[in-house]
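J.: Heads up, the sequence shown is in the numbering used here, so the first residue is 3 and it goes up one at a time.
Questions regarding the structure given below will be posed in turn.
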Amino acid sequence: MSKTVIPLRELRGSLRIPAANTAQAAGPLADTRARALHDLRISVTDRCNFRCTYCMPRDVFDADYEFLPHAEILTFEEIVRMARIFHGHGTRKIRLTGGEPLLRRNIDRLVAMLREALPGVDLTLTTNGSALKAQAKALRAAGLDRITVSLDSLDETTFRAMNDADFPVARVLEGIDAAADAGLAPIKVNMVVKRGVNDHQVVDMARHFRGSGHIVRYIEFMDVGSTNGWRMDDVIPSAEIVRRIAAQFPLVPADANYPGEVAGRWRYVDGGGEIGVISSVTEAFCSTCTRARLSTDGHLYTCLFAQRGYDLKTMLRSGAGDAAISEAVAGIWQGRGDRYSEIRTAETARSRKVEMSFIGG
Ligand code: SAM
Numbered sequence: 003m004s005k006t007v008i009p010l011r012e013l014r015g016s017l018r019i020p021a022a023n024t025a026q027a028a029g030p031l032a033d034t035r036a037r038a039l040h041d042l043r044i045s046v047t048d049r050c051n052f053r054c055t056y057c058m059p060r061d062v063f064d065a066d067y068e069f070l071p072h073a074e075i076l077t078f079e080e081i082v083r084m085a086r087i088f089h090g091h092g093t094r095k096i097r098l099t100g101g102e103p104l105l106r107r108n109i110d111r112l113v114a115m116l117r118e119a120l121p122g123v124d125l126t127l128t129t130n131g132s133a134l135k136a137q138a139k140a141l142r143a144a145g146l147d148r149i150t151v152s153l154d155s156l157d158e159t160t161f162r163a164m165n166d167a168d169f170p171v172a173r174v175l176e177g178i179d180a181a182a183d184a185g186l187a188p189i190k191v192n193m194v195v196k197r198g199v200n201d202h203q204v205v206d207m208a209r210h211f212r213g214s215g216h217i218v219r220y221i222e223f224m225d226v227g228s229t230n231g232w233r234m235d236d237v238i239p240s241a242e243i244v245r246r247i248a249a250q251f252p253l254v255p256a257d258a259n260y261p262g263e264v265a266g267r268w269r270y271v272d273g274g275g276e277i278g279v280i281s282s283v284t285e286a287f288c289s290t291c292t293r294a295r296l297s298t299d300g301h302l303y304t305c306l307f308a309q310r311g312y313d314l315k316t317m318l319r320s321g322a323g324d325a326a327i328s329e330a331v332a333g334i335w336q337g338r339g340d341r342y343s344e345i346r347t348a349e350t351a352r353s354r355k356v357e358m359s360f361i362g363g
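Structure, rendered in structure tokens:
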């Protein structure tokens with residue numbers, strides 16, 4: 003039986019690392035569209051205990067699926083070394099992700115190592131919340147600043163069908179409570195909205211989290227990877243989401259917290275807090291994208307929709323010094339011209355792209 007599996011090894015076929023413009027590398031790094039290298043997302047595992055239908059569909063990520071062997075996964079020491087190098091290029095925000103980052107053993111130790119190495123960096127993590135109740139305190143004690151929890155529905159049947167692991171809503175809500183108690187605030191709650199699947203939950207999610215201090219962020223269903231059967235018809239534009247919520251709870255637009263913030267912010271008029279909308283499909287924000295992604299096996303991707311990355315792990319493991327790796331990162335970033343969401347078509351949506359679980363959401 004043929005499946006639509008794209009072997010990661012093929013997609014990982016590495017790009018040649020361009021030479022850095024060293025004159026320019028001495029100052030703050032800028033890509034070909036003058037975007038800085040402000041954020042780094044680090045995927046600490048390609049495994050997840052959920053099989054969200056839009057991310058790791060079970061018919062592809064099944065018992066036969068070959069996840070990365072342990073030896074190919076960056077060690078904590080290698081991750082910290084890379085983080086320091088990126089910090090040297092102006093990176094000030096680091097998000098740990100995956101796969102499911104809380105499945106990585108002793109993840110709090112990595113948080114502590116990053117915190118010690120880079121005391122001023124904004125350190126955060128995205129999780130499905132399944133193990134958060136047990137780990138929230140340790141993560142906070144290790145120095146994590148904030149957390150984002152994914153939750154696509156409050157309706158039990160819908161949520162269990164979407165995570166395809168029969169995981170209950172209540173356990174994620176307990177995780178969110180534990181994170182709040184531990185001081186990992188403000189908590190962001192990510193909801194990927196898919197037409198006809200969970201869009202009936204848009205207003206319910208707003209109602210539930212209003213007044214809690216947590217910020218629901220509605221994400222347009224995206225054509226990441228090549229396995230989730232993306233169709234434009236399944237996307238609910240953020241404008242429609244805002245309209246639906248505002249009809250119940252009036253909203254006004256709020257200013258971005260900083261240039262390049264992913265989510266558009268909307269504030270409840272009655273003071274009930276705010277929501278965010280992430281409109282990668284209908285309102286591309288490539289022009290302000292300052293994010294790089296380090297895959298579980300140490301490849302650098304300059305776009306969420308990339309087809310290939312740059313192999314930095316080989317450099318790390320073949321004795322290259324920090325200066326050489328730093329120069330490689332500079333060359334890659336200076337050559338970056340990605341603007342996938344601006345040029346998306348039905349054709350590009352079908353192209354072979356790296357899976358999100360591999361390079362991190
Ligand atoms: N396992 C963690 C989690 O569930 O949050 C971290 C990894 S997950 C890939 C990161 C984020 O990407 C989640 O909020 C998830 O909902 C989102 N995501 C995954 N596939 C997506 C897609 N096709 N469109 C939009 N968002 C997606």
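All C-beta atoms in this analysis are idealised placements derived from N, C-alpha and C, irrespective of residue type, glycine included.
Note that the structure is a prediction, hence the values are computed from the model and not measured.
Can you have a look at Val46 and say buried or exposed, based on whether 16 or more other CB atoms are within 10 angstroms of its CB?
T.: By 1-based counting over the sequence shown, the position of residue 46 is 44. With 16 or more other Cβ atoms within 10 Å, it is buried.
J.: Mind checking which residues open and close the alpha helix (DSSP H) that includes Val226?
T.: Here the question's residue 226 lines up with position 224 in the sequence shown. Taken as a continuous stretch (DSSP letters only), Val226 belongs to no alpha helix (DSSP H), as it is neither H nor E.
J.: Taking only three categories from DSSP, how would you classify Thr350?
T.: Here residue 350 corresponds to residue number 348 of the sequence shown, with the count starting at 1. Thr350 falls in the helix class under three-state DSSP.
J.: Please work out which residues of its chain come closer than 6 Å, Cβ to Cβ, to Tyr220, disregarding the five sequence neighbours upstream and downstream, and give them in chain order.
T.: Here residue 220 is taken as the residue at index 218 of the sequence shown, counted from 1. Here the set comprises Met193, Val195, Ile243, Val279.
J.: Going residue by residue through the segment 37 to 82, where are the continuous beta strand (DSSP E) segments of at least 3 residues, counting only ones entirely within it?
T.: For the segment 37 to 82, whole beta strand (DSSP E) runs of length 3 or above, ordered along the chain, are 41 to 45.
J.: So, do the segment 300 to 309 and the segment 261 to 277 have three or more beta carbon pairs nearer to each other than 8 Å?
T.: Judged by Cβ distances under 8 Å, the segment 300 to 309 makes no contact with the segment 261 to 277, as fewer than three pairs qualify.
J.: Give the range of the beta strand (DSSP E) segment to which Asp206 is assigned.
T.: Working through the sequence shown from its first residue, we reach residue 206 at position 204. Element bounds for Asp206: not the beta strand (DSSP E) but the alpha helix (DSSP H), 204 to 211.
J.: Taking a contact to mean a Cβ-Cβ separation below 8 Å, would you say Thr358 touches Cys50 in this structure?
T.: Counting from one through the sequence shown, the residue named residue 358 turns up at place 356. Counting from one through the sequence shown, the residue named residue 50 turns up at place 48. In the sequence under discussion, the amino acid at residue 358 is Met, which differs from the Thr named in the question. Taking 8 Å as the Cβ cut-off, Met358 and Cys50 do not qualify as a contacting pair.
J.: For His72, is the classification buried or exposed, using 16 other Cβ atoms within 10 angstroms of its Cβ as the cut-off for buried?
T.: Here residue 72 refers to the residue found at position 70 of the sequence shown. Exposed, because fewer than 16 other Cβ atoms sit within 10 Å of the Cβ of His72.
J.: Taking 8 Å as the threshold (C-beta atoms), are Ala181 and Leu149 in contact?
T.: Working through the sequence shown from its first residue, we reach residue 149 at position 147. Working through the sequence shown from its first residue, we reach residue 181 at position 179. According to the sequence provided, residue 149 is Ile. The question's Leu does not apply to it. Cβ atoms of Ile149 and Ala181: closer than 8 Å.
J.: In angstroms with no decimal places, state the Cα-to-Cα distance between Lys190 and Val123.
T.: Walking along the sequence shown from the start, residue 190 turns up at place 188. Walking along the sequence shown from the start, residue 123 turns up at place 121. So the two alpha carbons sit approximately 19 Å from each other.
J.: Quick one: complete alpha helix (DSSP H) runs, 4+ long, within the segment 165 to 199?
T.: Counting only runs of 4 or more, we get 171 to 184.
J.: Less than 7 Å separating the Cβ of Val331 from some heavy atom of ligand 1?
T.: Along the sequence shown, one-based indexing puts residue 331 at 329. Result no, Cβ not under 7 Å from ligand 1.
J.: If we ignore side chains and look at the alpha-carbon of each, how far apart do Val218 and Gly92 end up?
T.: For the purposes of this step, residue 218 is taken as the residue at position 216 of the sequence shown. For the purposes of this step, residue 92 is taken as the residue at position 90 of the sequence shown. The alpha-carbon atoms of Val218 and Gly92 are separated by roughly 29 Å.
J.: Tell me whether the segment 121 to 135 and the segment 64 to 78 touch, counting them as touching only if at least three CB pairs, one residue from each stretch, are closer than 8 Å.
T.: Verdict: no, contact absent.
J.: Since I believe Leu125 is in contact with Ile96 (beta carbons under 8 Å), could you give me their beta-carbon distance rounded to a whole number of angstroms?
T.: As a working mapping, residue 96 is identified with position 94 in the sequence shown. As a working mapping, residue 125 is identified with position 123 in the sequence shown. Between Leu125 and Ile96 the Cβ distance is about 5 Å, and since that is below 8 Å, they are a contact.
J.: What residue does the alpha helix (DSSP H) around Thr316 start on, and which one ends it?
T.: Numbered from 1 along the sequence shown, position 314 holds the residue referred to as residue 316. It spans 315 to 319 - the alpha helix (DSSP H) in which Thr316 sits, taken as one unbroken run.
J.: Let me check you understand the geometry: is the CB of Phe223 closer than 7 Å to at least one non-hydrogen atom of ligand 1?
T.: Locating residue 223 in the sequence shown gives position 221, where the first residue counts as 1. Yes, ligand 1 has a heavy atom inside 7 Å of this Cβ.
J.: Along the chain, which unbroken stretches of the alpha helix (DSSP H) at least 4 residues long are found entirely within the segment 132 to 164?
T.: The segment 132 to 164 contains these whole alpha helix (DSSP H) runs: 134 to 144.
J.: If you run the structure through DSSP and keep just helix, strand and coil, what is Pro261?
T.: As a working mapping, residue 261 is identified with position 259 in the sequence shown. Note: Pro261 maps to coil in three-state DSSP.
J.: Considering Cα atoms alone, identify which of Phe360, Ala348, Ala325 is closest to Thr24.
T.: Position 22 of the sequence shown, counting from 1, holds the residue named residue 24. It is Ala325.
J.: Reducing DSSP to helix, strand and coil, say where His301 ends up.
T.: Sequence index remark: in the sequence shown, residue 301 carries index 299 (1-based). Three-state DSSP puts His301 in a strand.
J.: Since Arg219 sits in a beta bridge, which residues does DSSP pair it with?
T.: For the purposes of this step, residue 219 is identified with residue 217 of the sequence shown, where counting begins at 1. The partner list for Arg219 (beta bridge, DSSP) reads Asn192, Gly278.
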